[in-house]
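**Student:** So that we are looking at the same thing, I have put the structure below in structure tokens.
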Amino acid sequence: MLLSASAGTASASAGNTSVFAGNASASVRDTISLDRGWQFHRGDVSDVNMLKNLQANDEVVNLPHDFLIGQDWVAPDASERPDNSDAGSNVRSRLSPRGFKEMGIGWYRYELTPKAEWKGKRILLDFQGIMLVGDVYLNGKRIGGTDYGYLGFDVDVSKLLKFGEVNEIAVKADTRNPNNSRWFTGAGLYRDVNLIVTDKDLYFPRHPLFIRTVNNQEVKIRANIFNQQKKAKAAGTFIPVEVRILDADGHVVAQQKTDVDFNAKWRDREYELPAIKIENAKLWSCDTPYLYTAEVTLYDNEGKVADQIREPFGVRTIEMNPQHGLLVNGKKVLLQGFANHHTLGALGAAAYPRAIEMRLKMMKEFGFNHVRTSHNPYSEDFLRLCDRLGILVVDELYDKWLAQYAGGRVDWESLWQKDIPEWVKRDRNHPSVVLWSLGNELQQYSNLPFNDWGVTAYELQKQLLHRYDDTRLTTVAMHPRYRNLDTDSIPADLAVATEVNSYNYRYMYFPGDMKRYPEKTFYQSEASTAAMGPNFYEMDRDKVLGLAYWGAIDYLGESMGWPVKGWNQGVFDLSLQPKPDAYFVKSMFSDEPTVHIGIIEKAGGNVQWNGINVSAGKLSENWNREEGEKVSLYTYTNGDEVELFLNGKSLGVKKNSDDPKLRARIKWDGIAYAPGTLLAVARKNGKVVARHQIETTGEAVALKMVPDAETWHADGQDLMHVRVYAVDKKGRRVMDLKDKNAFSKLTFTVKGDADIVAVDNGNINSDELHVGKKQLNKTAERALYQGSALVILRAGTQPSKVELTVACENAVSGQKSAASGVQKGNLKTKRIVLVTK
Numbered sequence: 001m002l003l004s005a006s007a008g009t010a011s012a013s014a015g016n017t018s019v020f021a022g023n024a025s026a027s028v029r030d031t032i033s034l035d036r037g038w039q040f041h042r043g044d045v046s047d048v049n050m051l052k053n054l055q056a057n058d059e060v061v062n063l064p065h066d067f068l069i070g071q072d073w074v075a076p077d078a079s080e081r082p083d084n085s086d087a088g089s090n091v092r093s094r095l096s097p098r099g100f101k102e103m104g105i106g107w108y109r110y111e112l113t114p115k116a117e118w119k120g121k122r123i124l125l126d127f128q129g130i131m132l133v134g135d136v137y138l139n140g141k142r143i144g145g146t147d148y149g150y151l152g153f154d155v156d157v158s159k160l161l162k163f164g165e166v167n168e169i170a171v172k173a174d175t176r177n178p179n180n181s182r183w184f185t186g187a188g189l190y191r192d193v194n195l196i197v198t199d200k201d202l203y204f205p206r207h208p209l210f211i212r213t214v215n216n217q218e219v220k221i222r223a224n225i226f227n228q229q230k231k232a233k234a235a236g237t238f239i240p241v242e243v244r245i246l247d248a249d250g251h252v253v254a255q256q257k258t259d260v261d262f263n264a265k266w267r268d269r270e271y272e273l274p275a276i277k278i279e280n281a282k283l284w285s286c287d288t289p290y291l292y293t294a295e296v297t298l299y300d301n302e303g304k305v306a307d308q309i310r311e312p313f314g315v316r317t318i319e320m321n322p323q324h325g326l327l328v329n330g331k332k333v334l335l336q337g338f339a340n341h342h343t344l345g346a347l348g349a350a351a352y353p354r355a356i357e358m359r360l361k362m363m364k365e366f367g368f369n370h371v372r373t374s375h376n377p378y379s380e381d382f383l384r385l386c387d388r389l390g391i392l393v394v395d396e397l398y399d400k401w402l403a404q405y406a407g408g409r410v411d412w413e414s415l416w417q418k419d420i421p422e423w424v425k426r427d428r429n430h431p432s433v434v435l436w437s438l439g440n441e442l443q444q445y446s447n448l449p450f451n452d453w454g455v456t457a458y459e460l461q462k463q464l465l466h467r468y469d470d471t472r473l474t475t476v477a478m479h480p481r482y483r484n485l486d487t488d489s490i491p492a493d494l495a496v497a498t499e500v501n502s503y504n505y506r507y508m509y510f511p512g513d514m515k516r517y518p519e520k521t522f523y524q525s526e527a528s529t530a531a532m533g534p535n536f537y538e539m540d541r542d543k544v545l546g547l548a549y550w551g552a553i554d555y556l557g558e559s560m561g562w563p564v565k566g567w568n569q570g571v572f573d574l575s576l577q578p579k580p581d582a583y584f585v586k587s588m589f590s591d592e593p594t595v596h597i598g599i600i601e602k603a604g605g606n607v608q609w610n611g612i613n614v615s616a617g618k619l620s621e622n623w624n625r626e627e628g629e630k631v632s633l634y635t636y637t638n639g640d641e642v643e644l645f646l647n648g649k650s651l652g653v654k655k656n657s658d659d660p661k662l663r664a665r666i667k668w669d670g671i672a673y674a675p676g677t678l679l680a681v682a683r684k685n686g687k688v689v690a691r692h693q694i695e696t697t698g699e700a701v702a703l704k705m706v707p708d709a710e711t712w713h714a715d716g717q718d719l720m721h722v723r724v725y726a727v728d729k730k731g732r733r734v735m736d737l738k739d740k741n742a743f744s745k746l747t748f749t750v751k752g753d754a755d756i757v758a759v760d761n762g763n764i765n766s767d768e769l770h771v772g773k774k775q776l777n778k779t780a781e782r783a784l785y786q787g788s789a790l791v792i793l794r795a796g797t798q799p800s801k802v803e804l805t806v807a808c809e810n811a812v813s814g815q816k817s818a819a820s821g822v823q824k825g826n827l828k829t830k831r832i833v834l835v836t837k
């Protein structure tokens, strides 16, 4: 998104007609949000002009919006059978890859009345994404669209808008066929839509800046400038361009003004501006993600500001080599990451910045420093947040290089030439991006373009990419990595052709391939959570880039079969509650002293996906069990040893192992259950460094509500995640499977300028919907699951008090427990007041 040089603002009036505030003529560049007040029609129409007539029965929605997430689940028909002809596609039934939601079309309609001050300006409609493919209409005429909805585009409507009257913008979003994605994609206008107003004669076009830093002090900027000023251009005519570098507090730390030579034959030209030096520059890294801002200003013939753009960047160096893997600012950094799809759990594909921020902060707390954007570009807000939080990104463009998985409307060969420039120019200034990935799991398809298993296609894309960014290397994620189906010993031609060798799951071939190809650097682009531990410790971590655990957060789609609605092998559930084995990851990834107990409820099985066992064991922290039951459990730790206590009595001490198959995970068998407290104590160098205990809880007697943030902004888009727990009289969450109150249905009601946009409880088997039939709701229902639920509120635009009420239906008859005298089945209504600012 191009940042505004002034405070251009917009507010939506009643209905879906926008009236703009602020003095647009005083701004050199206005970026105006069109996110609020779209009429949404579910289903197709034969004529775009019919939409207005349907308005009375249609819903008004605010962006971001995913129209698929609120649809009913569609259970497989009895005749549907798994399709194992393509192991990589994981088709258990017709809709299992797409999250058991029926595919379809949605239409959006928006009324825009241009301000008189915009006449004679350059006016753009900017779409950051339409899922899965989309078409844009203005006043009934198609003016643009996208065949690959993960990337944005803009349309110049300067000469198309009708001034002095209402203009109708209509957008068609089509999810295509069920087999056009291997996962739940969401649907609709799932990212921002903006109106951009600039000078018409001298301006910056789309994604105009390329910012590089040299020797951690010099800033080099390449700027794309469009000049069609009408005054004659004699030899020696120049365009004044000013660069100011602002620090994180907005103070100018360097500036210069340059006259760039203008050639009348070149209307659209890229200029290399003179380098500008930052004295004692603060470096960007995972630990200190310091950001500067480059402000670049164009001046017209009369010396007036014509256009201005601001772009954040970081001062840092990256290097990848076979000896050390990744170096950031000359220091070794191991990628400790995860690979997930772009969706956000109960919110579906709707790209709320606050939801993204919550995920990234949570993952960083558990030691993650890296995300691979599987298998498509994420939102621009995601990258901005990674810049700010210090998270390294492997930025990926495609899944398979096939029309089927690239939107499904046109051939993939006609996409990449325009997708690569848009993608790279959009993302290249983000210091968080360290590696470009052009595709995923390609070796299975011999029918890739040029019939050479993808080598030529890769080489062509690489050359085009490096035209727009020569500061980072490229890769593709290979699975399988072998040359043919008869042997797994020799890597495929494409695996060797890439600048970085990226293997999904096949880390065990790193040592042999490192010997064969000593000039190569290796990255485990997907690692299985079922093999967690060995696939981290068995790598030569001094030399590899690192790894990304696949599906570390449970997600919708790619189900192994109904009633499971998606991938459930993560270490965080769909509602972002950490499972016990999340602390296994923390023990591996973090230096923070850690110990955590995980009761083994079910051992890992042998569920195969694409030749990989993905069946991780199921663990819990439930210490309400049958008297005398014997359990096995893990204590996850980065300490030297763990001592286990049951009700104060030591059950022994066990050392952490140096064996890569056992390290950080100590198993205890035959632990006889007794009510009370099970305590794990970790020691390092003989000193206690961490403790974790689980307890037998009483009956659930109350509800507890925990909001996730102290500050909530009344900007129309900010979210508040509120956890609801069923607790006993001591305030402890009740997970007891026999306590029906811990599974009771809740009713949520909100009063004030906010709405309920999603509910969840982490149970990916549930048939309950995450979103109501409408996007914005004042009430919603969701059952507790093992004593937990989540409600997500979206702020309105007026600072106010927001009251959230949670009521619980009676789970059992109102009888008193002989043991405690507590009324069963009556978790009293709970209220909390939240304030938007």
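With UniProt numbering applied, the sequence shown corresponds to residues 1 to 837, in that order. All C-beta atoms in this analysis are idealised placements derived from N, C-alpha and C, irrespective of residue type, glycine included.
Throw me the rounded Cβ distance for the Ile105 and Gly186 pair, which I believe falls under 8 Å.
**Tutor:** By 1-based counting over the sequence shown, the position of residue 105 is 105. By 1-based counting over the sequence shown, the position of residue 186 is 186. So it is not a contact: roughly 14 Å between Cβ atoms.
**Student:** Does the region 314 to 334 touch the region 148 to 160, meaning 3 or more C-beta pairs lie closer than 8 Å?
**Tutor:** Counting Cβ pairs under 8 Å, fewer than three are found: no touch.
**Student:** Using three-state DSSP, classify Lys52 as helix, strand or coil.
**Tutor:** The sequence position of residue 52 within the sequence shown is 52, counting from 1. Of the three classes helix, strand and coil, the one that applies to Lys52 here is helix, per DSSP.
**Student:** If I measure Cβ to Cβ from Gly325 and keep anything under 6 Å in the same chain, skipping five residues before and after, which residues do I get?
**Tutor:** As a first step, residue 325 is located in the sequence shown; it is residue number 325 there, counting from the start. Cβ neighbours of Gly325 beyond the five flanking positions: Lys543, Val544 and Leu545.
**Student:** Quick one: grab the DSSP three-state call for Gln255.
**Tutor:** Counting from one through the sequence shown, the residue named residue 255 turns up at place 255. DSSP places Gln255 in strand when its eight states are reduced to three.
**Student:** Is Pro421 helix, strand or coil by DSSP?
**Tutor:** On the sequence shown, position 421 is the one that residue 421 refers to. In the structure shown, Pro421 sits in a helix (DSSP, three-state: H, G or I).
**Student:** Would you give the residue range spanned by the alpha helix (DSSP H) that Ala495 belongs to?
**Tutor:** Translated into positions along the sequence shown, residue 495 becomes position 495. Run containing Ala495: Asp493 to Ala497, per the alpha helix (DSSP H) assignment.
**Student:** At which residues does the alpha helix (DSSP H) containing Tyr468 begin and terminate?
**Tutor:** As a position in the sequence shown, residue 468 is number 468, starting the count at 1. Tyr468 -> alpha helix (DSSP H) spans Val455 to Tyr468.
**Student:** What do you reckon, are the CB atoms on Thr288 and Leu246 nearer than 8 Å?
**Tutor:** Translated into the one-based positions of the sequence shown, residue 288 becomes position 288. Translated into the one-based positions of the sequence shown, residue 246 becomes position 246. In this structure, Leu246 does not lie closer than 8 Å to Thr288 by Cβ.
**Student:** Leaving aside the five residues before and after Gln228 along the sequence, list all residues of the same chain whose C-beta is less than 7 Å from its C-beta, in chain order.
**Tutor:** Sequence index remark: in the sequence shown, residue 228 carries index 228 (1-based). Closer than 7 Å at the Cβ level, and outside the excluded window around Gln228, lie Asp201 and Arg267.
**Student:** Output the distance between the C-alpha atoms of Arg831 and Leu392, rounded to the nearest integer angstrom.
**Tutor:** Here residue 831 is taken as the residue at index 831 of the sequence shown, counted from 1. Here residue 392 is taken as the residue at index 392 of the sequence shown, counted from 1. For Arg831 and Leu392, the distance between alpha carbons rounds to 40 Å.
**Student:** Consult DSSP for Phe382 and reduce its assignment to one of helix, strand or coil.
**Tutor:** For the purposes of this step, residue 382 is taken as the residue at position 382 of the sequence shown. Helix at Phe382.
**Student:** At what residues does the alpha helix (DSSP H) containing Ala582 begin and finish?
**Tutor:** Within the sequence shown, the letter at position 582 stands for residue 582. Where Ala582 is concerned, the enclosing alpha helix (DSSP H) stretches over Ala582 to Phe589.
**Student:** Are three or more beta carbon pairs between the region 664 to 679 and the region 716 to 733 nearer than 8 Å?
**Tutor:** The answer is no - the region 716 to 733 does not touch the region 664 to 679, with fewer than three Cβ pairs under 8 Å.
**Student:** Grab me the residues of Ile123's own chain with a C-beta within less than 6 Å of its C-beta, minus the 5 sequence neighbours each way, in chain order.
**Tutor:** Residue 123 sits at position 123 when you count from the first residue of the sequence shown. Correct list, in chain order: Val157, Ser158 and Val197.
**Student:** Take Ile792 and list the residues in its own chain whose beta-carbon comes closer than 6 Å to its own, dropping the five residues that flank it on each side.
**Tutor:** Counting from 1 along the sequence shown, the entry for residue 792 is found at position 792. The residues are Leu719, His721, Val757 and Ala758.
**Student:** Does Asp395 come out as helix, strand or coil in the three-state DSSP assignment?
**Tutor:** Numbered from its first residue, the sequence shown carries residue 395 at position 395. Strand at Asp395.
**Student:** If we ignore side chains and look at the alpha-carbon of each, how far apart do Pro731 and Thr829 end up?
**Tutor:** Numbered from 1 along the sequence shown, position 731 holds the residue referred to as residue 731. Numbered from 1 along the sequence shown, position 829 holds the residue referred to as residue 829. In the sequence as displayed, the identity of residue 731 is Gly instead of Pro. Roughly 16 Å separates the two Cα atoms.
**Student:** Under 8 Å, with one C-beta from each stretch per pair, do the region 564 to 582 and the region 503 to 518 reach the 3-pair mark?
**Tutor:** No contact exists between the region 564 to 582 and the region 503 to 518.
**Student:** At which residues does the beta strand (DSSP E) containing Tyr537 begin and terminate?
**Tutor:** Position 537 of the sequence shown holds residue 537. First-last for Tyr537: Pro534 to Tyr537, but that is the alpha helix (DSSP H), not the beta strand (DSSP E).
**Student:** Quick one: give me the first and last residue of the alpha helix (DSSP H) that Glu365 is part of.
**Tutor:** Stepping through the sequence shown from its first residue, residue 365 is reached at position 365. Its alpha helix (DSSP H) spans residues Pro353 to Glu365.
**Student:** If distances are taken between C-alpha atoms only, which option among Tyr352, Thr747 and Asn329 comes closest to Arg384?
**Tutor:** Here residue 384 refers to the residue found at position 384 of the sequence shown. Taking only the C-alpha atoms, the option nearest Arg384 is Tyr352.
**Student:** Indicate whether the contact test is met: 3 or more Cβ pairs, each with one atom in the region 772 to 790 and one in the region 744 to 753, closer than 8 Å.
**Tutor:** The region 772 to 790, when compared against the region 744 to 753, does touch it at the 8 Å Cβ threshold.
**Student:** What residues are listed by DSSP as bridge partners for Trp623?
**Tutor:** Here residue 623 corresponds to residue number 623 of the sequence shown, with the count starting at 1. Its beta-bridge partners do not exist; DSSP assigns none.
**Student:** So for Leu63, helix, strand or coil by DSSP?
**Tutor:** Along the sequence shown, one-based indexing puts residue 63 at 63. Coil.
**Student:** Any idea which residues DSSP pairs Pro97 with across the strands?
**Tutor:** Position 97 of the sequence shown holds residue 97. DSSP, once it has assigned bridges, lists no residue as partnering Pro97.
**Student:** Are the Cβ atoms of Phe584 and Ala664 separated by less than 8 Å?
**Tutor:** Here residue 584 is taken as the residue at index 584 of the sequence shown, counted from 1. Here residue 664 is taken as the residue at index 664 of the sequence shown, counted from 1. Yes, they are a contact pair.
**Student:** Nearest-angstrom Cα distance between Ala672 and His770?
**Tutor:** Taking the first residue of the sequence shown as position 1, residue 672 is located at position 672. Taking the first residue of the sequence shown as position 1, residue 770 is located at position 770. Going from the Cα of Ala672 to the Cα of His770 covers about 39 Å.
**Student:** Please return the same chain residues whose Cβ sits closer than 7 Å to the Cβ of Ser285, not counting the five positions on each side in sequence.
**Tutor:** Indexing the sequence shown from 1 puts residue 285 at position 285. For Ser285, where only same-chain residues beyond five positions count, the Cβ hits under 7 Å are Arg316, Val328, Asn329 and Gly390.
**Student:** Buried or exposed: Pro114, going by 16 or more other Cβ atoms within 10 Å of its Cβ?
**Tutor:** Translated into the one-based positions of the sequence shown, residue 114 becomes position 114. Buried, since its Cβ has 16 or more Cβ neighbours within 10 Å.
**Student:** Straight-line CA distance for Gly814 to Val701?
**Tutor:** Residue numbering aside, residue 814 sits at position 814 when the sequence shown is read from its first letter. Residue numbering aside, residue 701 sits at position 701 when the sequence shown is read from its first letter. With a pLDDT of 35 at Gly814, under the threshold of 50, the predicted position of this residue should be treated as unreliable, though the coordinate-derived value follows. Spanning the two alpha carbons is a distance of roughly 12 Å.
**Student:** When you compare each of Thr637, Val133 and Leu494 to Val595 by their alpha carbons, which one comes out closest?
**Tutor:** Here residue 595 refers to the residue found at position 595 when the sequence shown is read from its first residue. Closest by alpha carbon: Thr637.
**Student:** Measuring CB atoms only, is the region 435 to 444 touching the region 396 to 406, in the sense that at least three cross pairs come out at less than 8 Å?
**Tutor:** Yes, the region 435 to 444 is in contact with the region 396 to 406.
**Student:** Alpha carbon to alpha carbon, what distance is there between Gly762 and Glu768?
**Tutor:** Position 768 of the sequence shown, counted from the first residue, corresponds to residue 768. Position 762 of the sequence shown, counted from the first residue, corresponds to residue 762. If you take the alpha carbons of Glu768 and Gly762, they lie about 11 Å apart.
**Student:** Given Phe67, which residues of its chain have a CB within under 6 Å of its CB, disregarding the five upstream and five downstream residues?
**Tutor:** Indexing the sequence shown from 1 puts residue 67 at position 67. So the qualifying residues of the chain are Gly106, Ala187 and Gly188.
**Student:** Does DSSP put Asn139 in a helix, a strand or coil?
**Tutor:** Working through the sequence shown from its first residue, we reach residue 139 at position 139. Looking at Asn139 - three-state DSSP - the assignment turns out to be coil, as it is neither helix nor strand.
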